[in-house]
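Chains as they are written, first to last, in the working numbering: chain A, 56 to 267; chain S, 9 to 202.
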């Protein structure tokens, strides 16, 4: 792992990695739950949703960061929401043009990216206080972290609930799918399971550190 | 299109509950459901905002389609929701300052509640007429309140239970929500919808 350092801007590798691992939006901060649980019935849907969110996140953080000194403090949230809504409309039309079946699978949840707390949270907490380059790198990390989280959920649910991964059958035709995993309750269970796994890993590593 | 009003109401309240079946409004669902005392007013405030947003969205949609400005739909919806939340906030501050203080930060956060925008988007996508939209938003709000109150009661009980430290926190709430969602699946087919 190479450490990319640009001291003049204060951008460290951590600016990027913060969102991917340490502050992962899905597993650590538990933000943006609505799209996370609703679209992760298959790995393909999960990745498309992640990429769409990544695009909106990066472009709105760039714009917010560019105009951060022009916007009066009182109307900043409204401004951010309008910026985000503009980019979401863009993504909505792009997905509709590229793949209609994907558009139908994701449904209204593409438009609901607007109210994804991760994006507004990043715009308010990071992009409005930092120069464009740093904001973009941080947003990219967050977006990739979000995509990884979605993929982990989507893949688990698709494997358990349909016996497939990215549409390829894994276990042959005698596999009895665990249908509840692709139904709404499964979303809660799988995310709960992942969080359990992470808190188990964290307590293990804390114990390990205490022994040394 | 030709769903009856009672079908829509029962579907949004139970079978297609916004929180437990459609995953809308999960942030307040996990955030505010710690205590029963805040869960109920929050649910009612959200229902009211949903109602206002749904009415505005209906009018707005007519206007936008008349001028062929469909691409502005999302932006105008979100602005309408943000302003109606502001309105609710001002009215509540004037007429019921106690409730206003009790809800605190959660009131402005209704703006970013997916359930509110969800109501506006789904009623547009399904071409509901005026009465249907109204029922849809009322049912959605009631369903949201129901889920919030149930979850808050469960979590208040759970505070007395002896849970391993590893499971405590969000993981436990999520598994609990999963169980609740499983129960709501039992309502499937009710009301003759789907």
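Even glycine gets a Cβ: it sits at the ideal position worked out from N, Cα and C.
ask   = Ends of the alpha helix (DSSP H) at residue 101/A?
value = As a first step, residue 101/A must be located in the first chain, where it is residue number 46. Run containing residue 101/A: 98-121, per the alpha helix (DSSP H) assignment.
message = With three or more beta-carbon pairs closer than 8 Å as the criterion, would you say the stretch 227-234 of chain A touches the stretch 151-160 of chain A?
response = no
request  = To the nearest angstrom, report how far apart residue 56/A and residue 84/S are at their CA atoms.
outcome  = Here residue 56/A corresponds to residue number 1 of the first chain, with the count starting at 1. Here residue 84/S corresponds to residue number 76 of the second chain, with the count starting at 1. Note that residue 56/A scores 37 on pLDDT, short of 50, meaning its location in the model is unreliable; the coordinates nonetheless yield the value given after this. Taking C-alpha positions only, residue 56/A is separated from residue 84/S by approximately 45 Å.
message = Between residue 9/S and chain A, is any beta-carbon pair separated by less than 8 Å?
response = Working through the second chain from its first residue, we reach residue 9/S at position 1. Because the pLDDT of residue 9/S is 49, which lies under 50, any placement of that residue in the model is unreliable, and the question is left without a value.
Span separating the alpha-carbon of residue 11/S from that of residue 138/S = In the second chain, residue 11/S corresponds to position 3, counting from 1. In the second chain, residue 138/S corresponds to position 130, counting from 1. Computed Cα separation, rounded: 13 Å.
Segment contact flag, the stretch 14-22 of chain S with the stretch 67-83 of chain A, C-beta cutoff 8 Å, min 3 pairs = no
query = Does the count of Cβ pairs from the stretch 184-197 of chain S and the stretch 152-162 of chain S closer than 8 Å reach three?
reply = yes
task = Could you check how far apart the C-beta atoms of residue 133/A and residue 209/A are, in whole angstroms? I think they sit under 8 Å.
result = Within the first chain, residue 133/A is the residue found at index 78, counting from 1. Within the first chain, residue 209/A is the residue found at index 154, counting from 1. The pair is not a contact, with the Cβ atoms about 33 Å apart (cut-off 8 Å).
ask   = Which term fits residue 181/A, buried or exposed, when burial requires 16 or more other beta carbons within 10 angstroms of its beta carbon?
value = Position 126 of the first chain, counted from the start, is the residue given in the question as residue 181/A. Residue 181/A should be labelled buried.
key: Chain-order list of residues whose beta-carbon lies under 6 Å from that of residue 67/S (same chain, five-residue window excluded)   = The count along the second chain starts at 1 and reaches residue 67/S at position 59. Once the five neighbours on either side are set aside, residue 67/S has no close Cβ partner at all.
request  = Would you tell me roughly how many angstroms separate the C-alpha atoms of residue 201/S and residue 247/A, rounded to the nearest one?
outcome  = Within the second chain, the letter at position 193 stands for residue 201/S. Within the first chain, the letter at position 192 stands for residue 247/A. In this prediction, residue 201/S has a pLDDT of 47, which is less than 50 and means its spatial position is unreliable; what the coordinates show is noted afterwards. Rounded to the nearest angstrom, the two C-alpha atoms are 31 Å apart.
task = Identify, in the order they occur along the chain, each residue of the same chain with its Cβ nearer than 6 Å to the Cβ of residue 193/A, setting aside the five sequence neighbours on each side.
result = What you label residue 193/A is simply residue 138 of the first chain in a count that begins at 1. Within the same chain, residue 193/A has close Cβ partners 70 and 181.
message = Can you confirm whether residue 118/S, when its beta carbon is compared against all beta carbons of chain A, has any partner nearer than 8 Å?
response = Translated into positions along the second chain, residue 118/S becomes position 110. So, not an interface residue.
ask   = Looking at chain C, which residues of the stretch 162-175 of chain S have a Cβ within less than 7 Å of any of its Cβ atoms?
value = Of the protein chains in this structure, namely A and S, none is chain C.
query = When you check each C-beta in the stretch 98-118 of chain A against every C-beta of chain S, which residues fall closer than 8 Å?
reply = So nothing in the stretch comes that close.
Residue 224/A - partner residues in DSSP beta bridges = Reading the first chain from its first residue, position 169 is the one you call residue 224/A. For residue 224/A, which the question treats as bridged, DSSP gives the partners 219/A.
ask   = Of all the options 57/S, 35/S, 78/S and 94/S, which has the alpha carbon lying nearest to the alpha carbon of residue 147/S?
value = If you number the second chain from 1, residue 147/S lands on position 139. Ranking 57/S, 35/S, 78/S and 94/S by Cα distance to residue 147/S puts 57/S first.
ask   = Terminal residues of the continuous alpha helix (DSSP H) containing residue 69/A?
value = Here residue 69/A is taken as the residue at index 14 of the first chain, counted from 1. 68-72 is the extent of the alpha helix (DSSP H) around residue 69/A.
query = Given that residue 133/A touches chain S, what residues does it touch there, using C-beta distances under 7 Å?
reply = Here the question's residue 133/A lines up with position 78 in the first chain. Per Cβ cutoff of 7 Å: 90.
key: Min CB distance residue 251/A to chain S below 8 Å   = Residue 251/A sits at position 196 when you count from the first residue of the first chain. At least one chain S Cβ lies under 8 Å of residue 251/A.
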